[in-house]
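Everything in the sequence shown is counted per the UniProt record's numbering, starting at 1 for the first residue and increasing by one.
Just so it is clear, CB atoms sit at the ideal spot from N, CA and C, and this is done for glycine as well.
If you're wondering where the values come from, they're calculated on a predicted model, not measured in any experiment.
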Amino acid sequence: MGKVASGELDAVVVARAGLVRIGRTEVVSEALDPVVMLPAPAQGALAVECRSDDAELVRILAELDDKSTRAAIDAERAVLTALEAGCTAPVGAIAEVVESIDEDGRIFAELSLRAAVAAEDGSDVIRASAVGPVDRAVELGKDLAAELLELGAGEIVNSP
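As structure tokens, this is what we get:
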């Protein structure tokens with residue numbers, strides 16, 4: 001931020017959460033919509049590990065598990081895995097549980113997943129999206145990755 005203020009840089013892209021943490025949100029000139037600029041798969045998710053032989057601790061920690069977040073992260077990570085891309089690959093994905101309405105007017109939950117693969121120089125971007133049952137998050141991610149591969153994502157992910 002100092003380099004922007006001094007004119008050395010025109011702009012920087014940083015995590016808003018970090019600016020909130022240090023009390024510097026006044027420097028934000030534009031917040032990027034995560035649907036427009038997809039984050040890395042599972043970005044911002046917090047995982048807690050514990051000893052599996054401690055039943056009481058497992059029970060207590062299970063209270064922290066958010067099923068919607070887990071489904072979203074499972075779908076996003078499935079995209080990355082199926083693309084055979086590493087954590088530094090130019091792959092973005094975001095999933096969220098959304099409400100849909102069936103033909104009888106009943107509201108139900110579905111998982112909406114968007115993903116993109118981009119050339120490092122920005123010359124090519126392949127995007128795809130899918131919606132499916134929350135309890136089939138991994139399959140949704142794998143299916144979306146297959147669609148991205150059919151659209152040519154493999155060439156981008158595997159390029160030197």
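Remark: C-beta atoms of valine 97 and serine 129 do not approach each other more closely than 8 angstroms. Closest option to aspartate 10, judged by alpha-carbon separation, among Gly2, Ala17 and Arg16: Gly2. Judged by DSSP in its simplified three-state form, serine 112 adopts strand. Of all alpha-carbon atoms in Gly44, Gly23 and Val14, the one lying nearest the alpha-carbon of alanine 31 is that of Val14. When DSSP assignments are scanned along the region 87-141, the uninterrupted stretches of beta strand (DSSP E) that are 3 or more residues long and fall wholly within it turn out to be 91-101, 107-118 and 125-132.
With a 10 Å radius around the Cβ and a threshold of 16 neighbouring Cβ atoms, proline 133 comes out exposed. With 16 or more other Cβ atoms from the protein chains shown falling within 10 Å of its own Cβ, arginine 114 counts as buried.
Per DSSP, aspartate 74 is one residue of the alpha helix (DSSP H) stretching across 67-82.
Taking C-alpha positions only, alanine 137 is separated from alanine 5 by approximately 44 angstroms. 8 angstroms or more divides the Cβ of alanine 109 from the Cβ of glutamate 120.
According to the DSSP assignment, glycine 18 belongs to the alpha helix (DSSP H) that extends over 16-21. Counting along the chain, arginine 59 sits inside the alpha helix (DSSP H) bounded by residues 55-62. Under the Cβ criterion (8 angstroms, minimum of three pairs), the region 64-84 counts as touching the region 142-155. For glycine 44, the number of other beta carbons within 10 angstroms of its own is below 16, and it is reported as exposed. DSSP places leucine 149 within a helical segment (H, G or I) once states are collapsed to three.
Taking one beta carbon from each stretch, the region 76-95 and the region 34-41 have 3 or more pairs nearer than 8 angstroms; the two touch.
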